[in-house]
Amino acid sequence: MIYLDNAATTPIDDCISEAMAAFLKQNFGNPQSQHWAGRAAANAVVSARDKTAHILGCKPEEVYFTSGGTEAGNAALKGVCAAHGKGSIIISATEHPALIESAEDMRKFGVEVIYVNPDNRGIVSPQTVENAVKDDTFFCAVMYANNETGVIQPVKEIGEICRARNIFYYCDCVQTAGVLPFPTQYCDGIGISSHKFYGPRGFGAMYIKNGSKINRFISGGMQERGFRGGTLNAAAAVGLAMALENAENNRENNNAKIKALRDEFVKRVLQEVKGCVLNGDKTLRVPSNANISFEGCDGANILFLLDLEGIAVSTGSACSAGAVTPSHVLTAMGLSAERAKGAVRFTFGKYNTIEEVEFTIGAVKRAVAKIRNNKK
Ligand code: PLP
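And the structure:
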């Protein structure tokens, strides 16, 4: 089996699952409890928060554990909207649904949602953001790297524009944690998700700059300093911090290895398969991503044929009510519906090998030839 869907999720590292299993057995206390069992769990959470803060480049009290990237995006956007009431927010048209759907929810409460489009390389220019700012704009979300194309955004410049205008800048770093250094100094909020860097699924963290105007998202007990009620999954916090540390410590090596595999794959596919094109900027992209459109093919059919050969990839298309709608990311970049529908996302990870790349190139050729022949 070949797994080339590392942007969707990554396999948990053995050392992480083993450490979490041991923790779950030995350390069952509720971190809020006032006795020895609670203290042991709370100490582990303190240590996990310290490590996470150190890597994010912020203070431990600016780190909030969440259930993942989706919750972080919801909490930041809705929490800031709740604190401001009316006004406008700027959202890049290529954001993850965690931000787009949250923005649409807030529209129903009277918030004006302004979308900013990328150019045809997938880049949202700082100028576009600046032009969209209104007197009443209080929030902006432009992600660090896009999950479908891997394209990296100019977050430093966008952050500076927002800071100068007192706009809360949220940067979804789900696809860049452990890949690029965190842009924390330019942001007011950041979200990460541990299953994207070989940690546990269903857990994440969020940075919220001290002093930000934001309301709590989940009401309940005093966990996460009252910002997010609910008994904390201490084992997952331990797993996240460990996975983030491992990812940071091995960042350069992993990036170099993954980039070499991805570059070989892209070069060969573009050379050996007629009528295909790489989507998104050619260089300003994370090392793992290859988003390729195949002329005359549906990405969904390629995915199906590759799956039959044991290869896991993804398409950006969403299936709603039985109809396939082309990716909102690729269409926002101005790509035709046909090119967007023909796109397949291959995302490489640290466990892939050059032999897997070789096999996949052959399988892609077979799949594309079959689909095109069937159409004749
Ligand atoms: N943001 C981005 C860019 C993502 O790629 C994802 C997941 O694919 C999310 C947010 C959501 O993260 P989670 O699965 O932890 O909810």
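For the sequence shown, our numbering gives the first residue as 5, with consecutive numbering after it. Heads up, the beta-carbon is just placed ideally off N, CA and C, and yes, glycines get one too. Predicted model, so just to flag it, every value in this text is computed and none were measured.
For residue j and residue i, the rounded distance between their alpha carbons
i: residue 123; j: residue 338; result: 8 Å
i: residue 2; j: residue 266; result: No answer is possible for residue 2: it lies beyond the span of the chain, which begins at 5 and ends at 380.
i: residue 55; j: residue 75; result: 21 Å
i: residue 355; j: residue 292; result: 12 Å
i: residue 246; j: residue 154; result: 25 Å
i: residue 46; j: residue 71; result: 18 Å
i: residue 284; j: residue 295; result: 8 Å
i: residue 10; j: residue 259; result: 13 Å
i: residue 373; j: residue 380; result: 11 Å
i: residue 387; j: residue 236; result: Absent from the structure is residue 387, since the part of the chain shown begins at 5 and ends at 380.
i: residue 37; j: residue 44; result: 10 Å
i: residue 333; j: residue 344; result: 9 Å
i: residue 256; j: residue 129; result: 27 Å
i: residue 301; j: residue 53; result: 47 Å
i: residue 88; j: residue 107; result: 14 Å
i: residue 342; j: residue 330; result: 8 Å
i: residue 50; j: residue 178; result: 22 Å
i: residue 167; j: residue 248; result: 27 Å
i: residue 349; j: residue 357; result: 18 Å
i: residue 134; j: residue 164; result: 10 Å
i: residue 125; j: residue 143; result: 25 Å
i: residue 303; j: residue 121; result: 23 Å
i: residue 78; j: residue 103; result: 7 Å
N- and C-terminal bounds of the alpha helix (DSSP H) containing residue i
i: residue 53; result: 40-60
i: residue 111; result: 101-111
i: residue 21; result: 18-30
i: residue 166; result: 159-168
i: residue 438; result: A query on residue 438 cannot be resolved here, the shown segment of the chain reaching from 5 to 380 and no further.
i: residue 344; result: 341-345
i: residue 136; result: 130-136
i: residue 207; result: Where residue 207 is concerned, there is no enclosing alpha helix (DSSP H), given that its DSSP letter is neither H nor E.
i: residue 309; result: 303-312
For residue i, the first and last residue of its enclosing beta strand (DSSP E)
i: residue 74; result: Segment 73-88 is the alpha helix (DSSP H) holding residue 74; no beta strand (DSSP E) there.
i: residue 361; result: That residue, residue 361, is in no beta strand (DSSP E); its alpha helix (DSSP H) goes 358-379.
i: residue 176; result: 172-176
i: residue 269; result: Taken as a continuous stretch (DSSP letters only), residue 269 belongs to no beta strand (DSSP E), being part of the alpha helix (DSSP H) at 255-276.
i: residue 295; result: 293-298
i: residue 69; result: 67-70
i: residue 141; result: 141-145
Residues bridged to residue i (per DSSP)
i: residue 9; result: 351
i: residue 119; result: 95
i: residue 37; result: For residue 37, which the question treats as bridged, DSSP gives no partner whatsoever.
i: residue 190; result: Answer is none; residue 190 lacks a bridge partner.
i: residue 244; result: Its beta-bridge partners do not exist; DSSP assigns none.
i: residue 284; result: Bridge partners of residue 284: none, in fact.
i: residue 195; result: 176 and 210
i: residue 317; result: Paired residues: none, contrary to the question.
i: residue 222; result: 232
i: residue 156; result: 149
i: residue 289; result: 155
Near ligand 2: residue i beta-carbon under 6 Å from a heavy atom
i: residue 366; result: This structure lacks ligand 2; its bound ligands are ligand 1.
When the Cβ atoms of the region 210-228 are set against those of the region 240-255, are three or more pairs found closer than 8 Å? By the Cβ test, the region 210-228 is not in contact with the region 240-255, since fewer than three Cβ pairs between them sit closer than 8 Å.
Does the count of Cβ pairs from the region 286-305 and the region 154-173 closer than 8 Å reach three? Cβ pair count under 8 Å is three or more, so yes.
For the structure I just gave you, are there three or more beta carbon pairs, one from the region 22-30 and one from the region 207-217, closer than 8 Å? They do not touch, by the three-pair rule.
State whether the region 57-67 contacts the region 168-175, with contact taken as three or more CB pairs (one from each stretch) at a distance under 8 Å. Contact fails: fewer than three Cβ-Cβ distances are below 8 Å.
Any chance the region 144-151 sits against the region 89-102, with 3 or more Cβ pairs inside 8 Å? Because the criterion of three Cβ pairs below 8 Å is met, the region 144-151 and the region 89-102 touch.
Any contact between the region 181-190 and the region 133-143? By contact I mean 3 or more CB pairs, one from each, below 8 Å. The region 181-190 is not in contact with the region 133-143.
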